[in-house]
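Following our numbering, the numbering of the sequence shown begins with 128 at its first residue and continues without gaps.
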Amino acid sequence: RALGVNVEELTPQVWISPADENMAEETFRRAQLPADATIAVCPGAQERYRIHPHFDRILKEIQGASFVILGDNRDTAMAQYLGGALDAPLLDLTGQTTLGQSLAIIKRCTLVIGSESACAQMAIACHIPHVIIVGGGHFGRFVPYSPLTAVACTPLPCFGCNWKCRYRSFPCISEIDHRIVTGAVAQTLAASADRPRIF
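Structure, rendered in structure tokens:
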């Protein structure tokens with residue numbers, strides 16, 4: 128406003144190249160991913176202790192969806208495990224997409240589920256609802272971000288530890304019941320919200 132720019136809503140924006148849009152469109156077509164029932168899964172995080180150990184349980188409870196797994200090469204083993212554990216259609220794109228291509232893929236999904244990582248910001252910029260599994264290391268510093276954000280967590284008195292876990296097992300991530308996440312997914316898919324939600 129100080130610069131004379133008036134906008135009704137100020138939100139993150141991304142510009143995706145036509146080449147990346149075409150790649151995503153072709154990927155969805157080739158893999159026969161339904162645009163109205165495909166969920167992007169981004170299980171990876173910068174540190175392994177920030178990754179929920181039971182993504183398989185989470186995804187198994189989501190009925191009628193196809194999944195596309197995004198991440199870097201470190202996430203390939205997890206994607207392969209999930210592919211073997213699920214009966215649902217699953218496309219593993221870990222280590223195979225650029226940032227722009229990942230954005231174009233996310234833009235075509237109905238929902239993003241992931242660890243607290245760049246996937247949340249990417250989903251917001253693509254205007255896609257997302258459920259993010261969040262631990263206590265920096266709770267409240269980075270998420271929630273927008274009304275599109277649903278946070279799944281297990282509050283503990285030690286939140287704010289800066290990831291210096293007194294238990295060494297990071298229970299704020301490892302002990303999040305998968306049903307908290309699937310409940311967040313169900314409610315996020317059922318209705319939009321006017322503010323971030325914490326489950």
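For every residue, glycine included, the Cβ atom is placed at its ideal position computed from N, Cα and C.
For R322, the CB contacts under 7 Å within the same chain, skipping 5 residues up- and downstream, are P274 in chain order. Counted as a single uninterrupted DSSP element, the beta strand (DSSP E) harbouring V168 occupies residues 165 to 169.
Per DSSP, A151 is one residue of the alpha helix (DSSP H) stretching across 145 to 158. At a Cβ-Cβ threshold of 7 Å, I166 and C253 do not count as neighbours.
When the Cα atoms are used, D214 and A164 turn out to be separated by approximately 15 Å. C299 sits away from G267, with the two beta carbons spaced by 7 Å or more. In this structure the region 166 to 183 does not touch the region 143 to 151; the number of beta carbon pairs closer than 8 Å is below three. For G241, the enclosing beta strand (DSSP E) stretches over residues 238 to 242.
L218 is bridged by DSSP to V195. If you draw a 10 Å sphere on the C-beta of L137, you find fewer than 16 other C-beta atoms in it, and that means exposed.
Taking 7 Å as the cut-off, the beta carbon of F326 is found closer than this to the beta carbon of I307.
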